[in-house]
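Quick notes on the structure that follows.
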Amino acid sequence: MVVSTALSSCVEHSLHFFRNVFRAIPIRHCSYISAFEGEVKSSGDLHLTNGRVQILHLNSSGLDERSYTGMASRTFLTAYKSKHADHIVQDINLWDKELLQYDLSHVASKMRMVSGQDEPSDKVNFEPVERMIKTLFSADKLVVSCPMWNYSIPYVLKQYIDCVVQPGLTFRETSTGPQGLLTNRPLLLITSSGGDYSTGQMKMLDYQVPYLKDIFGLIGFTDVRHIYIKNTAHEKRDKLLTFIESSCLEAAAKF
Numbered sequence: 000m001v002v003s004t005a006l007s008s009c010v011e012h013s014l015h016f017f018r019n020v021f022r023a024i025p026i027r028h029c030s031y032i033s034a035f036e037g038e039v040k041s042s043g044d045l046h047l048t049n050g051r052v053q054i055l056h057l058n059s060s061g062l063d064e065r066s067y068t069g070m071a072s073r074t075f076l077t078a079y080k081s082k083h084a085d086h087i088v089q090d091i092n093l094w095d096k097e098l099l100q101y102d103l104s105h106v107a108s109k110m111r112m113v114s115g116q117d118e119p120s121d122k123v124n125f126e127p128v129e130r131m132i133k134t135l136f137s138a139d140k141l142v143v144s145c146p147m148w149n150y151s152i153p154y155v156l157k158q159y160i161d162c163v164v165q166p167g168l169t170f171r172e173t174s175t176g177p178q179g180l181l182t183n184r185p186l187l188l189i190t191s192s193g194g195d196y197s198t199g200q201m202k203m204l205d206y207q208v209p210y211l212k213d214i215f216g217l218i219g220f221t222d223v224r225h226i227y228i229k230n231t232a233h234e235k236r237d238k239l240l241t242f243i244e245s246s247c248l249e250a251a252a253k254f
């Protein structure tokens, strides 16, 4: 696919840039955030007790009946809970203004920690990022609900991605390229679009799903399932709701 290839090329170009940056400065032998030294080795380090499985839902959808991805995520999670009543589901509303707004101060703190030139204030400044990453590691399964905005994703989801996609924490460099650290976890993407971007020339304008697959794949999510609610601006509502119910029930049974 042209778009996926272009995105992969862009991601690889960015990774090449950061590899050169990190090679140019002295990097600490262990993880550059001390709180993670020897701590995050696998999801088992952060699992909840009693064998419970946690689903983390990253919600960038609307909360009313006009949001098809919102309705789909609720339908899916309700169906999942009916089969797995003891499993814990944590919903993160990415529209919550209390969530971290990742900015240049966090980038500066990260770079000083990478080079071993950090001050105590840098650790404090980066702690919210650590907490977000710990929450992500604690989940055995991930659900992302995301409408298409301008061929891509809502900015709040991009903000979250920029917080948690961190070298040394959610992926690491190896001699054969980047290696994701969030492995052996299924990811369900619940996406929607006003048109149909699944075939033909329109598929080349989809910067939503290929990007999500690439960026979450970078940090280890390779088992990706997908519910695509397409043509919402033109399809009859009853038909869309029928599709949502059937596809979510089927996905929940296999997740």
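Read in numbering that gives the first Met the number 0, the sequence shown has 144 at position 145, and its numbers run on one by one without any break. The beta carbon of each residue, even a glycine, is placed where N, CA and C say it ideally should be.
Among residues of its own chain, excluding the 5 on either side of residue 252, which ones have a beta-carbon nearer than 8 Å to its beta-carbon?
So the qualifying residues of the chain are 78 and 82.
Does the distance from the C-beta atom of residue 254 to that of residue 153 stay below 9 Å?
No, the Cβ-Cβ distance between residue 254 and residue 153 is not below 9 Å.
Got a sec? Which residues, its chain only, sit under 8 Å from residue 93 by beta carbon, not counting five neighbours each side?
Non-local C-beta neighbours of residue 93 in its own chain, meaning closer than 8 Å and more than five positions away in sequence, comprise 57, 58, 59, 153, 155, 156, 158 and 159, ordered along the chain.
Label residue 203 either buried or exposed according to how many other C-beta atoms from any shown protein chain fall within 10 Å of its C-beta, with 16 as the threshold for buried.
If you draw a 10 Å sphere on the C-beta of residue 203, you find fewer than 16 other C-beta atoms in it, and that means exposed.
Residue 171 - containing beta strand (DSSP E), residue span:
Residue 171 -> beta strand (DSSP E) spans 170–173.
For residue 69, report the span of its alpha helix (DSSP H) as first-last.
Judged by DSSP secondary structure, residue 69 falls within the alpha helix (DSSP H) whose first and last residues are 67–82.
Ignoring anything shorter than 3 residues or poking outside the region 166–237, list the beta strand (DSSP E) runs there in chain order.
Annotation note: the region 166–237 contains the following uninterrupted beta strand (DSSP E) runs of length 3 or greater, listed N- to C-terminal: 170–173, 176–179, 185–191 and 222–228.
For residue 125, collect the residues of the same chain with a Cβ closer than 8 Å to its Cβ; drop the 5 residues on either side in sequence, then sort them by chain order.
Taken in chain order, the residues that qualify are 32, 105, 108, 109 and 112.
Rounded straight-line distance, which links the Cα of residue 145 to that of residue 219
Taking the straight line joining both Cα atoms gives about 20 Å.
Counting Cβ pairs closer than 8 Å, one from the region 158–178 and one from the region 224–235, do we hit at least three?
Too few Cβ pairs lie closer than 8 Å, so no.
Please report how far the alpha carbon of residue 55 lies from the alpha carbon of residue 128, in whole angstroms.
Distance between the alpha carbons of residue 55 and residue 128: 16 Å.
If you run the structure through DSSP and keep just helix, strand and coil, what is residue 98?
The answer is coil: DSSP assigns residue 98 none of H, G, I, E or B.
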